[in-house]
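Engineer: Residue numbers (mature numbering (1 follows the signal peptide of the UniProt record, and there is no 0)): -21 to -1, 1 to 341.
Using N, Cα and C, we set each Cβ at its ideal position, and we do this for glycine too.
Remember, it's a predicted structure, so these values are computed and weren't measured experimentally.
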Amino acid sequence: MNKLSPANLFVVLLGIFDACALSVKLSGQLMKQHGVHGHAWCCKFLDPLSISFSTTANWFLVLICLERFISVCYPLKKRYLFTKKRSFIIAAVLIGLMFTLIMTSLGVTRTFNKKKCFTNASFRWYFENVWLYLNVALHFFLPFILIIFLTSFIIHGLRKSREHRMSLVRKSNGSISRAKVLQDGGGAGKKSRSLSTPITPVTPTALHNQRMLDDTARLERTITLMLIAASIFFLVSALPMSLYYLLRGFRDNQEVTIETARWVLYQQIAYVCVDSSHAINFFLYFFTAKRFRVQLIRTVTGRARCCERRISPRRRSGNSSNIDQAYSGPDSKMATFNLTSSSQSNPSSRKISTTCLPQVSR
């Protein structure tokens, strides 16, 4: 639980609510086919619950976009804007608000008879003039607009950061080449002075910290790629339903015409697209993130623990080889002496390396 970042928390909750939305909708469709849809608990509980799960999943996707936007465009503000405690509070407030609003509205206004669910006459004005607009805004329009803007800003921020990183690489390469030219152009005295300057040894803690930072950056890029893929697919799948409500309106037309039948067919296709957005997210994560694929295969095949045991000796051997490479040179004996003396004189160095390193990974 300590390694669960805000982005990982929102991704996990998005997957949970996607699965819950699909399960409840599938249960409702099976009950409709078997003629069980007229019961009170189906009208007052099952239908509102499916809408609540779907709407909450869409808003978790918005939260992931917002977190990625702050991470990419304002990385220094992310640490105090999206803390673990605030992320848990935001998730709890979102779940409670959506559940209370939707379950209260539909649970009170909807009733049933022997054939189907319908709106109670005393709440018909609220259902037709308030709830229909509020439901469509919460479920489609507001997430659609926010995801468009946030995804555009994320892509723009990634391009700017890549250009900035490339410019820094060019500057560092230019400074290194100029230093080499100056060093080659100096005399023998300058060469002897440059060789006699002590080289700062690379400690094992610094190597491990750098590796942890690289792993964190790789994880951030993976989550960003997963987010962009899921956001684009959500926009494509929600667009038909948004166009339907913009062009057709919110009230059902009772006229039996060919045009009405075409719009009903279009509405059913739009519903299929909306429901598919919950099912396709898993496959988007699977194909866009290599780490997600590896962890899923290990979990399904039951090889997670044995693979971790096999990887840990390799990492230790890799650490030792990197340290040997870092200390191989004219000052290798002095570096080895410094390491052994520091470890013997300070027995708490191992404790520091194990307790402080997870803080770096955050």
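Roughly how many angstroms lie between the CA atoms of I248 and S216, to the nearest whole one?
Structural biologist: Going from the Cα of I248 to the Cα of S216 covers about 10 Å.
Engineer: Residues in its own chain within less than 8 Å of I(-6) by CB, not counting five upstream and five downstream?
Structural biologist: Closer than 8 Å at Cβ, skipping near neighbours: no residue.
Engineer: Cutting at 7 Å between CB atoms, please list the residues of its own chain near V253, excluding the five before and the five after it.
Structural biologist: Answer for V253: S216, A217 and M220, listed in chain order.
Engineer: Which term fits I276, buried or exposed, when burial requires 16 or more other beta carbons within 10 angstroms of its beta carbon?
Structural biologist: By the neighbour-count rule (16 or more Cβ atoms within 10 Å), I276 is not buried but exposed.
Engineer: What residues are listed by DSSP as bridge partners for R89?
Structural biologist: T98.
Engineer: Do L28 and V3 have their C-beta atoms closer together than 7 Å?
Structural biologist: Contact: yes.
Engineer: Counting along the chain, where does the alpha helix (DSSP H) carrying W38 start and finish?
Structural biologist: W38 -> alpha helix (DSSP H) spans D26 to C52.
Engineer: What do you reckon, are the CB atoms on residue 354 and L60 nearer than 7 Å?
Structural biologist: Because the chain in this structure spans residues -21 to 341, residue 354 falls outside the shown range and cannot be described.
Engineer: Could you tell me the alpha carbon to alpha carbon distance between I211 and F120, rounded to whole angstroms?
Structural biologist: If you take the alpha carbons of I211 and F120, they lie about 15 Å apart.
Engineer: What residues in its chain sit with their C-beta under 6 Å from that of residue 344, if we drop five residues either side in the sequence?
Structural biologist: Residue 344 cannot be examined here, being either before or after the span of the chain that is shown, -21 to 341.
Engineer: Mark G136 as exposed unless 16 or more other C-beta atoms lie within 10 angstroms of its C-beta, in which case mark it buried.
Structural biologist: G136 should be labelled buried.
Engineer: Only counting the same chain, and skipping five residues up and downstream in sequence, which positions put a Cβ closer than 6 Å to that of M77?
Structural biologist: Here the set comprises S31, T34 and T35.
Engineer: Where does P54 land, buried or exposed, given buried means 16+ other C-beta within 10 angstroms?
Structural biologist: Flag for P54 reads exposed.
Engineer: Relative to the alpha-carbon of V251, which residue among S(-17), I207 and L5 has its alpha-carbon at the smallest distance?
Structural biologist: Of the listed residues, the one whose Cα sits closest to V251 is L5.
Engineer: Could you have a look at T236 and say whether DSSP puts it in helix, strand or coil?
Structural biologist: If DSSP states are grouped into helix, strand and coil, T236 belongs with coil.
Engineer: Report the CB separation of A208 from L1 in whole angstroms; it is logged as a contact under 8 Å.
Structural biologist: The Cβ separation is near 19 Å, so there is no contact.
Engineer: Check F61 in the structure and name its three-state DSSP category.
Structural biologist: In the structure shown, F61 sits in coil (DSSP, three-state: anything other than H, G, I, E or B).
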